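**Q** Before anything else, here's the structure in question.
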Amino acid sequence: MAARRTLKAVLVDLSGTLHIEDAAVPGAQEALKRLRGASVWIKFVTNTTKESKQDLLERLRKLEFDISEDEIFTSLTAARNLVEEKQVRPMLLLDDRALPDFKGIETGDPNAVVIGLAPEQFCYPILNQAFRLLLEGAPLIAIHKARYYKRKDGLALGPGPFVTGLEYATDSKATVVGKPETTFFLEALRGTGCEPEEAVMIGDDCRDDVGGAQSAGMLGILVKTGKYRAADEDKISPPPYLTCESFPHAVDHILQHLL
Amino acid sequence: MAAWRERLAGVRGVLLDISGVLYDGGEGGGTPIAGSVEAVARLKRSGLKVRFCTNESQKSRRELVQLLRRLGFHLSEGEVTAPAPAACQLLRARGLRPHLLVHDGLRSEFHQVDTSNPNCVVIADAAEGFSFQNMNKAFQVLMELETPVLISLGKGRYYKEAAGLMLDVGAYTKALEYACGIEAEVVGKPSPEFFKSALQELGVDAHQAVMIGDDIVGDVGGAQRCGMRALQVRTGKFRPSDENHPEVRADGYVANLAEAVDLLLQHAQP
Numbered sequence: 001m002a003a004r005r006t007l008k009a010v011l012v013d014l015s016g017t018l019h020i021e022d023a024a025v026p027g028a029q030e031a032l033k034r035l036r037g038a039s040v041w042i043k044f045v046t047n048t049t050k051e052s053k054q055d056l057l058e059r060l061r062k063l064e065f066d067i068s069e070d071e072i073f074t075s076l077t078a079a080r081n082l083v084e085e086k087q088v089r090p091m092l093l094l095d096d097r098a099l100p101d102f103k104g105i106e107t108g109d110p111n112a113v114v115i116g117l118a119p120e121q122f123c124y125p126i127l128n129q130a131f132r133l134l135l136e137g138a139p140l141i142a143i144h145k146a147r148y149y150k151r152k153d154g155l156a157l158g159p160g161p162f163v164t165g166l167e168y169a170t171d172s173k174a175t176v177v178g179k180p181e182t183t184f185f186l187e188a189l190r191g192t193g194c195e196p197e198e199a200v201m202i203g204d205d206c207r208d209d210v211g212g213a214q215s216a217g218m219l220g221i222l223v224k225t226g227k228y229r230a231a232d233e234d235k236i237s238p239p240p241y242l243t244c245e246s247f248p249h250a251v252d253h254i255l256q257h258l259l
Numbered sequence: 001m002a003a004w005r006e007r008l009a010g011v012r013g014v015l016l017d018i019s020g021v022l023y024d025g026g027e028g029g030g031t032p033i034a035g036s037v038e039a040v041a042r043l044k045r046s047g048l049k050v051r052f053c054t055n056e057s058q059k060s061r062r063e064l065v066q067l068l069r070r071l072g073f074h075l076s077e078g079e080v081t082a083p084a085p086a087a088c089q090l091l092r093a094r095g096l097r098p099h100l101l102v103h104d105g106l107r108s109e110f111h112q113v114d115t116s117n118p119n120c121v122v123i124a125d126a127a128e129g130f131s132f133q134n135m136n137k138a139f140q141v142l143m144e145l146e147t148p149v150l151i152s153l154g155k156g157r158y159y160k161e162a163a164g165l166m167l168d169v170g171a172y173t174k175a176l177e178y179a180c181g182i183e184a185e186v187v188g189k190p191s192p193e194f195f196k197s198a199l200q201e202l203g204v205d206a207h208q209a210v211m212i213g214d215d216i217v218g219d220v221g222g223a224q225r226c227g228m229r230a231l232q233v234r235t236g237k238f239r240p241s242d243e244n245h246p247e248v249r250a251d252g253y254v255a256n257l258a259e260a261v262d263l264l265l266q267h268a269q270p
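Chains as they are written, first to last, in UniProt numbering: chain A, 1 to 259; chain B, 1 to 270.
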């Protein structure tokens, strides 16, 4: 492996890494404080299609994490950045709760489509409207392409199937903005002045957190909390830089070995 | 490109797509495409064999033929090859009991089919019926099967109605394929079995038949893969970019069915 540069940034996943539903991972708040004692940038990165930054922040503060809004980078932020960069007016196929993250974005007379998990929007007339925009050349921006997710009443279709259907009908490809896309990790570092080689990512999803970060040139640390299942670390090649019990262990390793 | 005479030599039978060639759907059923009513009549008088080959899966054959008659066309149900009857044959042959994700207008085609305790999903152009709830139900049925079987009546991307282009069943079939990690079995164009059964009913060999359609992939590409010739009309869902399609090149492009029939009557040998 090429010689690594001094670590300057730590990216941390939220759900499954800092907390599991409404409970903090034991020792995670103290571990975050220890990490803040070192001079590194900290960014909290997550794939969400329906929770705005404000929602996430409120939940984390309730769990007594010391976090500020500008440290959070989500797939919704990434989509918004892309919309601004392309200077387009998106039709937003998103859950109402996600809309605050798009405040101030012009959406009249749309010439782009942003699609997340929004079952109430996935009806024929609305998808048909999106389809016609795409056929006219509007870009399709997908928050992520998950196939399905678990609900209380069983499995339910995620946004991925509908993105795929629109891609097929219009012979186009969506730009996926969430983890594990390389651009997501690079965008998360924007404003820090750090290179990917100067960053480490901590998360519980071997492919999306660790594999994605490592493909982008970062180190990846897999924690055995949240959605982690035995032998997940064998699912990617090269394997995770490190697999450890939980977020506090990951922080200890960083403080002892990477700084 | 070779002269029309060469391109149409030896044609003895014609397969006609319906939507976008004979008529455009829309409010009150739809409107005939200019010149198409007379073109079908002239073709039928010419001595060339004629059959209709459609992926229509929103209406039953009976409803479709009634609509076309109302618009002035002369044809009967027996002259139409459509995917729903072909799917029923397949279901019976394989002992499959479908969960139907189809338009209410198509349900009558499946009256004879056992739909209890489903062991497969049949998807057709359900239009407004493609709600999240209905898609999710079909998805859940598939995920509970040990070997999920998804049968798709056609796999079209879109079609044209008066109000504009409309998403077709293919987009929704793709969605379920992606969600379940499976591949659907297509009954209808461009499946070779479907074209072959239409040819058999038409009663000519593939090299003596020409397909006329508005879908560059489903009609033109599909027919050519079966050894037929194929013309694309610049009506219905036709888009100028179709003439530069990366994979499919029609044997000819014509303004509409009326021009296709002019050329056939001039150059084909009945």
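We put the CB at the ideal spot given by N, CA and C, even for glycine.
Quantities reported herein were computed from a predicted structural model and do not represent experimental measurements.
(1) Since M143 of chain B is in the alpha helix (DSSP H), which residue starts that stretch and which ends it?
(2) Report yes if the C-beta distance between V223 of chain A and A213 of chain A is below 9 Å; otherwise report no.
(3) Between which two residues does the alpha helix (DSSP H) carrying H253 of chain A extend?
(4) Just to confirm, is the Cβ distance from A209 of chain B to R225 of chain B under 9 Å?
(5) Tell me the start and end of each unbroken alpha helix (DSSP H) in the stretch 60 to 98 of chain A that is at least 4 residues and wholly inside, in chain order.
(6) First and last residue of the alpha helix (DSSP H) that includes H267 of chain B?
(7) What is the C-beta distance between P190 of chain B and G222 of chain B, in whole angstroms, given that I count them as a contact (C-beta under 8 Å)?
(8) Using the three-state DSSP reduction, which class does D24 of chain B fall into: helix, strand or coil?
(9) Can you check whether the CB of A198 of chain B is closer than 9 Å to the CB of L15 of chain B?
(10) Among residues of its own chain, excluding the 5 on either side of A2 of chain A, which ones have a beta-carbon nearer than 7 Å to its beta-carbon?
(11) Please list the residues of the stretch 114 to 145 of chain B that have a C-beta atom closer than 7 Å to any C-beta atom in chain A, keeping them in chain order.
(12) Cutting at 6 Å between CB atoms, please list the residues of its own chain near G165 of chain A, excluding the five before and the five after it.
(13) Can you tell me whether D55 of chain A is helix, strand or coil according to DSSP?
(14) Could you tell me whether any Cβ in chain B is nearer than 9 Å to the Cβ of L18 of chain A?
(15) Counting contacts by CB-CB distance shorter than 9 Å, is D208 of chain A in contact with chain B?
(16) Identify the continuous alpha helix (DSSP H) that holds S152 of chain B and give its terminal residues.
(17) In chain A, which residues lie less than 7 Å from A175 of chain B when you measure between Cβ atoms?
(18) What's the C-alpha gap between I18 of chain B and L68 of chain B?
(19) Measuring only the C-alpha atoms, how far is A28 of chain A from F247 of chain A?
(20) Can you list, in chain order, the residues of its chain with a C-beta nearer than 8 Å to that of Y149 of chain A? Leave out the 5 residues immediately preceding and following it.
(21) Leaving out the 5 sequence neighbours to the left and right, which residues in its chain are closer than 8 Å to T115 of chain B when beta-carbon positions are compared?
**A** On the basis of the coordinates in this document:
(1) Start and end: 132 to 144.
(2) no
(3) 247 to 253
(4) no
(5) Fully enclosed alpha helix (DSSP H) runs of 4 or longer: 75 to 86.
(6) 257 to 267
(7) Indeed they touch by this definition, with Cβ atoms about 3 Å apart.
(8) strand
(9) yes
(10) Note that A2 of chain A scores 48 on pLDDT, short of 50, meaning its location in the model is unreliable; the coordinates nonetheless yield the value given after this. Hits under 7 Å: none found.
(11) Against chain A - using a Cβ distance shorter than 7 Å - the residues of the stretch 114 to 145 of chain B are A127, E128, F130, S131, F132, M135, N136, F139, Q140, M143.
(12) none
(13) helix
(14) no
(15) no
(16) Segment 150 to 153 is the beta strand (DSSP E) holding S152 of chain B; no alpha helix (DSSP H) there.
(17) P161, F162, T164, G165
(18) 9 Å
(19) Distance between the alpha carbons of A28 of chain A and F247 of chain A is about 6 Å.
(20) L117, L155, A156, G158
(21) R97, P98, H99, L100
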